[in-house]
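**Q** One structure, as structure tokens, below. Some questions next.
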Amino acid sequence: MELPKVGSIGEYIREQRQQAKISLRQLAAQAGVSNPYLSQVERGLRKPSAEILNQIAKGLHISAKALYVQAGLIEDREPDSDVLAAIRADVTITERQRQVLIDIYESFRKENRAGNPEAQPSRPAEPPPGDAVRTENTATPDSKEG
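Below, the structure written as structure tokens:
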């Protein structure tokens, strides 16, 4: 994975903030950082810590992991699925919409990996190859045996 250039995390934060229609002052207040500091981050003059990125992500209502990956603090190691590739390739949605879809999709995948019995992946209901579907001798609730 290619590491982002120095200013790219700031550019990404600015883009997310603008798409969310939040002013620099509003985001600074929500993230608990000073207005000048956030401005310097957005211009690529400062590199925020993981904790500051977490606070900014909360203020933007986006995944902290997305900011960590963008900042080069963590590597996005899981191979992309076809779904993620399709979301990222869709030019008809905004970057913010794209990120929300990715966050939702990843939360489902994480839930399934955690072993939640209600959230186990389902497979299409198809008979195994070579197995004939039998419809004879099928009891229905209103049929009488006897």
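Note that full-length UniProt numbering has the sequence shown beginning at 1, numbered continuously upward. Using N, Cα and C, we set each Cβ at its ideal position, and we do this for glycine too.
1) If A57 sits next to A64, beta carbons under 8 Å apart, how far is it from one beta carbon to the other, in whole angstroms?
2) Straight-line CA distance for E95 to I9?
3) If we call anything under 9 Å between Cβ atoms a contact, is I52 one with V69?
4) Please report how far the alpha carbon of A29 lies from the alpha carbon of G115, in whole angstroms.
5) Could you check whether G44 and E11 sit closer than 9 Å to each other, using their CB atoms as the reference points?
6) Quick one: what does DSSP say residue 148 is sitting in, helix, strand or coil?
7) Give the straight-line distance between the Cα atoms of S81 and D90, rounded to the nearest whole angstrom.
8) Apart from the five residues just before and just after K21, which ones in its own chain have a Cβ nearer than 6 Å to its Cβ?
**A** A quick look at the data gives this:
1) Position 57 of the sequence shown, counted from the first residue, corresponds to residue 57. Position 64 of the sequence shown, counted from the first residue, corresponds to residue 64. Right, their Cβ atoms sit about 4 Å apart.
2) The residue you call residue 95 lines up with position 95 of the sequence shown. The residue you call residue 9 lines up with position 9 of the sequence shown. So the alpha carbons of these two residues sit roughly 14 Å apart.
3) Position 52 of the sequence shown, counted from the start, is the residue given in the question as residue 52. Position 69 of the sequence shown, counted from the start, is the residue given in the question as residue 69. Contact: no.
4) On the sequence shown, residue 29 is found 29 positions in, with the first residue counted as 1. On the sequence shown, residue 115 is found 115 positions in, with the first residue counted as 1. Going by the C-alpha atoms only, they are around 38 Å apart.
5) The count along the sequence shown starts at 1 and reaches residue 11 at position 11. The count along the sequence shown starts at 1 and reaches residue 44 at position 44. Yes.
6) Examination of residue 148 is not possible in this model, given that the chain is present from 1 through 146 alone.
7) Within the sequence shown, the letter at position 81 stands for residue 81. Within the sequence shown, the letter at position 90 stands for residue 90. If I take the Cα positions, the gap works out to 14 Å.
8) Taking the sequence shown and counting its residues from 1, one reaches residue 21 at position 21. No residues qualify anywhere along the chain.
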